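Following: one structure in structure tokens, then a few remarks.
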Amino acid sequence: MIFCDYGAEWPLWEHGLQYPSDYGLSESLSNRLAKWNDEFQQHMHWDRGWAPGFDADAWTETGKKLAHDVQQEVGDHIIVRRGV
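Taken in order, the sequence shown gives residues 5 to 88; the numbers are from this note's numbering.
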């Protein structure tokens, strides 16, 4: 599953936190995942929500694209889901 969580280093989950290397993800995709997760860590507050002025819709669309790209790299033997 791909979703961000407060304080988590990566947005990849299976039976706990996973790393791009666990799935053999490319460096390019790993960097994009890291950037997406960093944006969450910097702009989402657990109590107040998204920071004013942050484009949460664009961030969400990026997450959809990342989930698709992770699925492409891992193949059909793993089902990638996007969490909320």
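Where is the CB? At the ideal position from N, CA and C, for every residue including glycine.
Predicted model, so just to flag it, every value in this text is computed and none were measured.
Local Cβ density within 10 Å of residue 53, reported as buried at 16 or more and exposed below that: exposed
Short Cβ contact (8 Å threshold) for residue 21 with residue 31: no
Short Cβ contact (8 Å threshold) for residue 40 with residue 70: yes
Reduced DSSP category for residue 52 - H, G, I as helix; E, B as strand; rest coil: coil
Backbone CA spacing between residue 42 and residue 74 [nearest angstrom]: 18 Å
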